[in-house]
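A.B. asks: Mind looking over this structure? Questions follow.
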Amino acid sequence: MKYFKQIRVLFLIQILLSSQQFLMAQEAEVITDSTTKIVPNYKLLHGIFAAQSVLYLGTIYGLSKSWYKNSLTNFRVQDDTYEWLQMDKMGHVYTSYQIARHTAEIYKKTGISKKQMMIYGAISGIIFQTPIEILDGFSPDYGFSPGDMVANLTGSAIYLGQIALWDEIRIQPKFSFHFTSLAAQRPNLLGNKPTERWLKDYNGQTYWYSGSPRSFFKHSKWPPWLCLSVGYGIQNMISADPKQSTELGYRPYRQYYFSLDIDLTKIKTKSKFVRTIAFLANSLKIPAPALQISKKGVDFRPLYF
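Residue 158 in UniProt numbering sits at position 158 of the sequence shown, with consecutive numbering throughout.
If you want it as structure tokens, here you go:
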């Protein structure tokens, strides 16, 4: 699955974020002048650029050698927007957003302006995924997907657009997963092992958009860390093609969710370690009661993840 590659890139970005803690320890004191203007730490900034470049080139080289089983051929375009009821596109949006969010946080440590930090992060979300889509275009097994590319751009736009509109992030794309019995029907496609299923079984994935009403109504008494969350999922997809799933005896359908969530970054703490863990964990939706809406009606889930 192409999204499996996107997830691996995201994991590498998170590893890079963790490695920056060592660089931060080496960071020199911020230099200020009489007007208290912050001078960026260019040494750290150049180090991050270099680390990203190595990570970027290494990832692309590794994918070109190990992922693509057949030799690359002439470039071709393949429309796959009908597959998986667009759940894979939701994955691309989420991944691009998270890459932008993580890399922007890295750049924040260099002392550059907030605008520069956000722009660099958004650009990273696109740069890290575009060559993968191009490689897919030369692969006889996949083909370049315009839908994937639009989703990649959308993820970065969601991040940068909120900064441009509100000067802050108010809506967080998040992810949750639960195991389903459908994976056993087609383990080669949906995952043989538990470690594979959370990546491959789209039936168990849910993509969320969480936001606190306090972000929109600044004078309300609503806790800033308590969020309302809207989710999207699918069911009965044991093939990428909905028609094939139907032919195999399953009736695919979409599911929509309403739930509560917690913005872990809004919980106050003096511990830098706890703040780092909260930042990383904020990519995931916490288990909580949820309303599930589908063609089968409305169901209440006491604890959904």
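Note that the Cβ used here is the ideal one computed from N, Cα and C, for glycine as well.
Closer than 8 Å by C-beta to Asp79: which residues in its own chain qualify, once you throw out the five before and the five after it? Chain order, please.
C.D. replies: Correct list, in chain order: Ser145, Pro146, Gly147.
A.B. asks: Going by CA-CA distance only, name the one from Ala184, Gln172, Lys115, Ile134 that's closest to Pro213.
C.D. replies: Here the closest residue by C-alpha is Gln172.
A.B. asks: Would you say the region 112-126 touches the region 176-191, given that touching needs at least three Cβ pairs under 8 Å?
C.D. replies: No, the region 112-126 does not touch the region 176-191.
A.B. asks: Would you call Pro302 buried or exposed, if buried means 16 or more other Cβ atoms sit within 10 Å of its Cβ?
C.D. replies: Counting Cβ neighbours within 10 Å, Pro302 comes out exposed, since fewer than 16 surround it.
A.B. asks: How many Å lie between Ser283 and His102 at the Cα?
C.D. replies: Cα-Cα distance, rounded: 10 Å.
A.B. asks: Which residue comes first and which comes last in the beta strand (DSSP E) that contains Asp261?
C.D. replies: Segment 253-262, the beta strand (DSSP E) holding Asp261.
A.B. asks: Using three-state DSSP, classify Val230 as helix, strand or coil.
C.D. replies: Val230 falls in the strand class under three-state DSSP.
A.B. asks: With DSSP collapsed to three states, give me the class of Lys218.
C.D. replies: Reduced to three states, the DSSP call for Lys218 is coil.
A.B. asks: On a CA-only basis, which of Glu83, Tyr42, Glu247, Arg170 is nearest Thr265? Give me that one, please.
C.D. replies: Of the candidates Glu83, Tyr42, Glu247, Arg170, the one whose C-alpha sits nearest the C-alpha of Thr265 is Arg170.
A.B. asks: Is Ser259 buried or exposed, if buried means 16 or more other CB atoms sit within 10 Å of its CB?
C.D. replies: The residue in question, Ser259, is buried, as its Cβ has 16 or more Cβ neighbours within 10 Å.
A.B. asks: How close, in whole Å, do the beta carbons of Tyr253 and Tyr94 come, if the pair is a contact with beta carbons under 8 Å?
C.D. replies: About 21 Å separates the two Cβ atoms, so there is no contact after all.
A.B. asks: Go through its chain and collect everything with a Cβ distance to Tyr304's Cβ below 6 Å, but skip five positions before and after it.
C.D. replies: These residues qualify, in order along the chain: Ala290.
A.B. asks: In this structure, how does DSSP classify Ser181 when only helix, strand and coil are distinguished?
C.D. replies: DSSP places Ser181 in helix when its eight states are reduced to three.
A.B. asks: Out of Ile60, Glu83, Thr73, point me to the one whose CA is closest to Lys243's CA.
C.D. replies: If we check each option's Cα against that of Lys243, Glu83 comes out closest.
A.B. asks: Classify Arg76: buried if its beta carbon has 16 or more other beta carbons within 10 angstroms, exposed otherwise.
C.D. replies: With fewer than 16 Cβ atoms within 10 Å of its Cβ, Arg76 is classed as exposed.
A.B. asks: Within its chain, find whatever has a CB closer than 6 Å to the CB of Ser215; leave out the 5 residues flanking it on each side and keep chain order.
C.D. replies: Closer than 6 Å at Cβ, skipping near neighbours: Arg170.
A.B. asks: Roughly how far, in whole angstroms, is the beta-carbon of Ala240 from the beta-carbon of Ser156, given that I think they are within contact range, below 8 Å?
C.D. replies: Contact flag wrong, Cβ pair sits at about 25 Å.
A.B. asks: Please identify the residue among Tyr209, Ile293, Phe273 whose C-alpha is closest to the C-alpha of Asp263.
C.D. replies: That would be Tyr209, whose Cα lies nearest to the Cα of Asp263.
A.B. asks: Please classify Thr36 as buried or exposed, where buried requires at least 16 other C-beta atoms within 10 Å of its C-beta.
C.D. replies: Note that Thr36 has pLDDT 48, beneath the 50 cutoff, so the model's placement of it is unreliable and the number below is only indicative. Classification for Thr36: exposed.
A.B. asks: Let me know if Glu133 comes out buried or exposed under the rule of 16 or more other beta-carbons within 10 Å of its beta-carbon.
C.D. replies: Glu133 comes out buried.
A.B. asks: Are the CB atoms of Ile112 and Leu160 within a distance shorter than 8 Å?
C.D. replies: No.
A.B. asks: Got a sec? Which residues, its chain only, sit under 7 Å from Glu196 by beta carbon, not counting five neighbours each side?
C.D. replies: So the list is empty, once near-sequence residues are dropped.
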